[in-house]
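The working numbering puts the sequence shown at residues 1424 to 1722.
Have a look at the structure below before the remarks.
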Amino acid sequence: MTDISFENRTVIITGAGNGLGKTYALEFGRRGANVVVNDLGGSTSGDGADKAAADVVVDEIKAAGGNAVANYDSVTDGDKIVQTAMDNFGRVDVVVNNAGILRDKTFHKMTDQDWDLIYDVHVKGAYKVTHAAWPYMREQGYGRLIFTASAAGIYGNFGQANYSMAKLGLHGLAQTLALEGRSKNVLVNTIAPIAGSRLTETVMPKELTDALRPEFVMPLVVKLCDENSAETGGLYEVGAGWIGKVRWQRTLGQSFSVNDGFTAEDVNDAWDTISNFEGADNPATINDGTRRIIKNLKK
Ligand SMILES: NC(=O)c1ccc[n+]([C@@H]2O[C@H](COP(=O)([O-])OP(=O)(O)OC[C@H]3O[C@@H](n4cnc5c(N)ncnc54)[C@H](O)[C@@H]3O)[C@@H](O)[C@H]2O)c1
1424 MTDISFENRT VIITGAGNGL GKTYALEFGR RGANVVVNDL GGSTSGDGAD KAAADVVVDE
1484 IKAAGGNAVA NYDSVTDGDK IVQTAMDNFG RVDVVVNNAG ILRDKTFHKM TDQDWDLIYD
1544 VHVKGAYKVT HAAWPYMREQ GYGRLIFTAS AAGIYGNFGQ ANYSMAKLGL HGLAQTLALE
1604 GRSKNVLVNT IAPIAGSRLT ETVMPKELTD ALRPEFVMPL VVKLCDENSA ETGGLYEVGA
1664 GWIGKVRWQR TLGQSFSVND GFTAEDVNDA WDTISNFEGA DNPATINDGT RRIIKNLKK
């Protein structure tokens, strides 16, 4: 198996000053990439800013013989991050949308600010960086993008309504970008990682955060960004040295006659069939998804 190399490739990692992003940045640097180390350097809840976060990682990449430049903008100014890549390296090949914060609160205590800030950093930030990089990737016929979701978005998590919304929203965005980017060799995947970091150390015991090293997530990200990879549109759960792929599953469902009409009581009577996953299928495209619905009209 040949080594995966990023020589002459420019890789943008957002939120690369800590945790997962730092681990990715160091590895891409080690593998020959020109790395744009973006980090605002704020707190876990999105307050403040500090250039040191990105600078430390740039210094570490350079000390190991790699190429890196710092960018201190918020991902909500994603065009400036892409401009840093263009100004310093003349191209952008890979974007790892990783920057993130938490504003955990139960829904009845959540303020508009908690909701908006989580949306801004995770969703709008990833959109802004990706939207600025997208034309360059299409033009050069090569691009790899990673979006960072979370189990909280896939399954829900008590006290994380804002974060769950943002994280699964990113997968929705990634699935459509995968369709729009495929013909230009711009491939887009989503990961839902678990790793010890300053974000998780508030909610997990120290032994666990120490054991869940970000290095156990990083190899999947590098593999998905490989120019020889053909994977796109995937959603992967990853952590602690385990990696799996997630897909939708849908029951066979119940058809009702649109000609004869049907009532809430009919739906109630069919409830066991509607919710029974025996023989369920796995729709993977919007056509798969809508086929049964359209077919029912023709009955
Ligand atoms: N650690 C986990 O178990 C876990 C689980 C699911 C999802 N995630 C996601 O993984 C990503 C990385 O998280 P982490 O655990 O490494 O956290 P982390 O706090 O260690 O790193 C996140 C980095 O993002 C930076 N950042 C925050 N807002 C920014 C902004 N507006 N612009 C630029 N940089 C900004 C922070 O300064 C920080 O350095 C996040 O998107 C997080 O939601 C992490």
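Note that beta-carbon positions come from the ideal geometry of N, C-alpha and C, so glycine has one too.
Residues sharing a beta bridge with residue i, DSSP
| i | result |
| --- | --- |
| A1615 | E1660 |
| L1631 | According to DSSP, which records beta bridges pairwise, L1631 is partnered with nothing at all. |
| R1673 | D1704 |
| K1668 | Y1659 |
| I1435 | V1459 and V1518 |
| V1609 | G1566 |
Beta strand (DSSP E) segment containing residue i, residue limits
| i | result |
| --- | --- |
| G1566 | G1566 to T1571 |
Segment limits, alpha helix (DSSP H) that includes residue i
| i | result |
| --- | --- |
| G1442 | G1442 to R1453 |
| A1687 | A1687 to D1692 |
| I1717 | I1709 to L1720 |
| V1644 | M1641 to C1648 |
Beta carbon of residue i nearer than 8 angstroms to that of residue j
| i | j | result |
| --- | --- | --- |
| T1507 | N1520 | no |
| N1612 | G1657 | yes |
| A1472 | G1464 | yes |
| V1492 | A1522 | no |
| L1586 | S1606 | It should be noted that the sequence gives Tyr, not Leu, for residue 1586. Not in contact: Y1586 and S1606 (Cβ atoms no closer than 8 angstroms). |
| I1524 | T1467 | yes |
| T1724 | I1614 | This structure does not reach residue 1724, given that the chain is present from 1424 up to 1722, and the question cannot be answered. |
| G1619 | L1635 | yes |
| R1432 | V1552 | no |
| K1374 | S1680 | Since the first and last residues shown for the chain are 1424 and 1722, residue 1374 lies out of range. |
| G1667 | F1639 | no |
Is it a yes or a no for the region 1697-1709 touching the region 1671-1678, going by three-plus beta-carbon pairs under 8 angstroms?
yes
Give, in chain order, every unbroken run of the beta strand (DSSP E) that is at least 3 residues long and sits entirely within the region 1512-1592.
1517-1520 and 1566-1571
Please determine if the region 1497-1517 and the region 1429-1439 are in contact, where contact requires at least 3 C-beta pairs separated by less than 8 angstroms.
yes
Assess, as a yes-or-no matter, whether the region 1621-1629 is touched by the region 1601-1612 under the definition of 3 or more beta carbon pairs within less than 8 angstroms.
no
Residue ranges of each beta strand (DSSP E) run of no fewer than 3 residues wholly in the region 1471-1515, ordered along the chain?
1490-1494
Say whether the region 1532-1543 touches the region 1480-1488, bearing in mind that this needs 3 or more beta-carbon pairs closer than 8 angstroms, one atom from each stretch.
no
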